[in-house]
Amino acid sequence: MHAGDCVTFVFVNKCEDTVWPGVLSNSGSPPLDATGFALPSGAYRTLLAPAGWSGRFWARTGCSFDGFGHGSCATGDCGSGQVECNGSGAAPPATLVEFTLGDGTRGGEDYYDVSLVDGYNLPMAVEASREGCAATGCVEDLNRLCPPELRTGEGAACRSACDAFGRPEFCCSGQYSNPQTCRPSAYSELFKSACPQAYSYAFDDATSTFTCAAAQSYAITFCPVSTPRSSAL
Numbered sequence: 002m003h004a005g006d007c008v009t010f011v012f013v014n015k016c017e018d019t020v021w022p023g024v025l026s027n028s029g030s031p032p033l034d035a036t037g038f039a040l041p042s043g044a045y046r047t048l049l050a051p052a053g054w055s056g057r058f059w060a061r062t063g064c065s066f067d068g069f070g071h072g073s074c075a076t077g078d079c080g081s082g083q084v085e086c087n088g089s090g091a092a093p094p095a096t097l098v099e100f101t102l103g104d105g106t107r108g109g110e111d112y113y114d115v116s117l118v119d120g121y122n123l124p125m126a127v128e129a130s131r132e133g134c135a136a137t138g139c140v141e142d143l144n145r146l147c148p149p150e151l152r153t154g155e156g157a158a159c160r161s162a163c164d165a166f167g168r169p170e171f172c173c174s175g176q177y178s179n180p181q182t183c184r185p186s187a188y189s190e191l192f193k194s195a196c197p198q199a200y201s202y203a204f205d206d207a208t209s210t211f212t213c214a215a216a217q218s219y220a221i222t223f224c225p226v227s228t229p230r231s232s233a234l
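In my numbering, the protein residues as written are 2 to 234.
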């Protein structure tokens, strides 16, 4: 891929510890140059994505890998048994960043969001390089606010109500599979109150999906230190 034809994703780790970002391309989108990697505290790494690419990013925490790259993670594990996720997604709970890039034509917009639909494991923020494009994220420590019935991994992550209880009204499934019948729950409203820009449940589109035209790059920050700005990097 040529950089001029691509969008650059810059992954920045402001957490105190190493995180292991995971990368999953959606069906029909090519895999990026890495599907998982270690990112030490204070480090950054870039990945290029072609026009039209869609997929998701997340952070794995509490990982232990041997000298051959074999191991697993306490949160966000992708089940590959390796540093690379190789086409597997995150086991919930995990904070997700989701992207659908424009097709490269004039006026083609990128769509992006931060999602807590699969739960939360650490704060994340997304900022576009293009001025005027909104930043989004979940910068609060939801593990600190997490109700006991959603807490997992000795407080390392906070489950969604769907993951914890499996009930259709929480999962927006069955008779609750449309925006009219699947409404916010007390649990999703807790998430929304703490992180108003992030998806708190499946039909939270109106306040949680953001667009940007012709951004050359996006910064995806793990453990951002402050609320993301609605401006250029």
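Each residue gets a CB set at the ideal place from its N, CA and C atoms; glycine is no exception.
The model shown is predicted, which means the values in this text are computed figures rather than measured ones.
Beta-carbon within less than 8 Å of residue 6's beta-carbon, same chain only, minus the 5 sequence neighbours each way: which residues are those?
Looking up residue 6 in the sequence shown gives position 5. Same-chain partners within the cutoff: 51, 52, 105.
Would you kindly work out how many angstroms separate the C-alpha atoms of residue 155 and residue 127, rounded to a whole number?
As a first step, residue 155 is located in the sequence shown; it is residue number 154 there, counting from the start. As a first step, residue 127 is located in the sequence shown; it is residue number 126 there, counting from the start. Distance between the alpha carbons of residue 155 and residue 127 is about 27 Å.
Can you tell which of 121, 88, 213, 209 has the C-alpha that lies nearest to the C-alpha of residue 133?
One-based indexing of the sequence shown puts residue 133 at position 132. With distances taken between Cα atoms, residue 133 lies closest to 213.
Can you grab the Cα-Cα spacing for the pair residue 144 / residue 157, in whole Å?
Here the question's residue 144 lines up with position 143 in the sequence shown. Here the question's residue 157 lines up with position 156 in the sequence shown. The alpha-carbon atoms of residue 144 and residue 157 are separated by roughly 7 Å.
Helix, strand or coil for residue 122? Go by DSSP, reduced to three states.
The residue given as residue 122 occupies position 121 in the sequence shown. Of the three classes helix, strand and coil, the one that applies to residue 122 here is coil, per DSSP.
Determine the closest residue to residue 195 out of 66, 101, 123, with distance taken between C-alpha atoms.
Counted from its first residue, the sequence shown places residue 195 at position 194. With distances taken between Cα atoms, residue 195 lies closest to 123.
I believe residue 34 touches residue 48 by the beta-carbon criterion, under 8 Å. Please report the beta-carbon distance rounded to the nearest angstrom.
As a working note, residue 34 is residue 33 in the sequence shown. As a working note, residue 48 is residue 47 in the sequence shown. Confirmed, Cβ separation roughly 6 Å.
So is residue 197 buried or exposed if we call it buried at 16+ other beta carbons inside 10 Å?
By 1-based counting over the sequence shown, the position of residue 197 is 196. Here residue 197 is exposed: its Cβ has fewer than 16 other Cβ atoms, across all protein chains shown, within 10 Å.
At 3 residues or longer, what runs of the beta strand (DSSP E) sit wholly inside the stretch 123-156?
Here the runs fully enclosed are 125-129, 137-139.
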